[in-house]
Amino acid sequence: MEKRNLRKERIGVVTSNKMDKSIVVSEVKRIKHPMYGKFVLKTKKYVAHDEKNDCNAGDTVRIMETRPLSKTKRWRLVDIIERAK
């Protein structure tokens, strides 16, 4: 039996759920500037597959890498960590 490699996981906040069965997740990283030493916020957006249309904007979610599902979707929703208030 062939062993499958570990898949990447990201935690981020849902910024959009206006598409059907799709969400946009923003991951914010604090990166130290190489020269000046100041911490800079970098944002990366991922389009993820949400099969049950559970997520709302502001939810904190965990997404996992998967095969390409469409032109931009390469991630899928694993679970909702915290609901928006």
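In my numbering, the protein residues as written are 206 to 290.
Positions of the beta carbon are idealized from the N, C-alpha and C atoms, including for glycine.
For clarity, every value in this text was computed on a predicted model and none was experimentally measured.
Cβ shell of residue 224 (< 7 Å), same chain only, five flanking positions each side left out: Start at 1 with the first residue of the sequence shown, and residue 224 comes out as number 19. Hits under 7 Å: none found.
For residue 254: DSSP bridge partner residues: On the sequence shown, residue 254 is found 49 positions in, with the first residue counted as 1. As DSSP reads the structure, residue 254 sits in a beta bridge with 227, 281.
Backbone CA spacing between residue 247 and residue 286 [nearest angstrom]: One-based indexing of the sequence shown puts residue 247 at position 42. One-based indexing of the sequence shown puts residue 286 at position 81. Those two C-alpha atoms are separated by around 22 Å.
Rounded separation between residue 216 and residue 261 - CA only: By one-based count along the sequence shown, residue 216 stands at place 11. By one-based count along the sequence shown, residue 261 stands at place 56. Going by C-alpha positions, residue 216 is about 15 Å away from residue 261.
Bounding residues of the beta strand (DSSP E) (the contiguous stretch that carries residue 221): Locating residue 221 in the sequence shown gives position 16, counting from the first residue. Per DSSP, the unbroken beta strand (DSSP E) holding residue 221 starts and ends at 214 to 221.
Three-state class that DSSP yields for residue 246 in the structure shown: Taking the sequence shown and counting its residues from 1, the one referred to as residue 246 is at position 41. The answer is strand: DSSP assigns residue 246 an E or B state.
Cβ neighbours of residue 256 in the same chain (closer than 7 Å, five flanking residues each side left out): Within the sequence shown, residue 256 is the residue found at index 51, counting from 1. Excluding the 5 residues flanking it on each side, residue 256 has same chain C-beta neighbours closer than 7 Å at 226, in chain order.
Bridge partners - residue 271, DSSP secondary structure assignment: As a first step, residue 271 must be located in the sequence shown, where it is residue number 66. As far as DSSP is concerned, residue 271 takes part in no beta bridge.
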